[in-house]
Amino acid sequence: MVPKQFIFGLISLHLMMVYTGGNEMCKASIARRWACPPPWIQWGGECYRAIMEPLTWSEAKDECIKMGGVLVAPRSQEETDFLVLLLPSRFWINCNDIEKEGTWVCQVGTDMVEFRNWLSGEPSNSGNEDCAYLLPTGKWNDFPCSSKRLAVCKAATSLRHDCTF
1 MVPKQFIFGL ISLHLMMVYT GGNEMCKASI ARRWACPPPW IQWGGECYRA
51 IMEPLTWSEA KDECIKMGGV LVAPRSQEET DFLVLLLPSR FWINCNDIEK
101 EGTWVCQVGT DMVEFRNWLS GEPSNSGNED CAYLLPTGKW NDFPCSSKRL
151 AVCKAATSLR HDCTF
């Protein structure tokens, strides 16, 4: 008689091969079949990817959309801590007061984000600073949107067997 654990292991291995196409880089979860395609990194049930080319804030937003995601806006201190580990540099986040000075809007896609983590004395709007970036400390600062910074994109995990969005 073959032990149940052995059969379960074989079934799990088969499912992993089917849902990842044999690509362990896909990081599929057998139980839920959620995955992030390389070079995206999975954390907290979502996918993240650093853009290592300095871009303006609007260019960063557009680039994230082209890659199947959105510009990140941290929802918690835990997510902020992860982002700082992912990209320990200054990078754009999806927070701005472009529409109305002093009214900061932070979103992930169309979802509003209430979490804020401003550096002391910020946002200051000194020099037409309408977009926010995250510092290596995890604090936020406002800055001119036309300046160039790195960025982090965020996307939902994929259920697709080829691990693409």
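Just so you know, we're using the UniProt record's numbering here: the sequence shown kicks off at 1 and counts up by one.
Positions of the beta carbon are idealized from the N, C-alpha and C atoms, including for glycine.
Small disclaimer: the values here were computed from a predicted structure and weren't measured.
Ranked by Cα distance from ASP97, the first of TYR133, LEU135 and GLU129 is GLU129. If you draw a straight line from the Cα of SER146 to the Cα of THR56, it is about 5 Å long. Note on ASP111: under 16 other CB atoms within 10 angstroms of its CB, so exposed under the neighbour-count rule. When C-alpha distances from SER124 are compared across CYS153, LEU135, PRO144 and GLU114, the shortest belongs to PRO144. No Cβ-Cβ contact shorter than 8 Å links THR137 with ALA35.
Taking every protein chain shown into account, the CB of GLY69 has 16 or more other CB atoms within 10 angstroms, so this residue is buried.
In the same chain as ASN94, and ignoring 5 residues on each side of it, the C-beta atoms closer than 6 Å to its own belong to LEU71, ALA73 and GLN107, in chain order. Annotation: the continuous beta strand (DSSP E) that includes PHE143 extends over 140 to 143.
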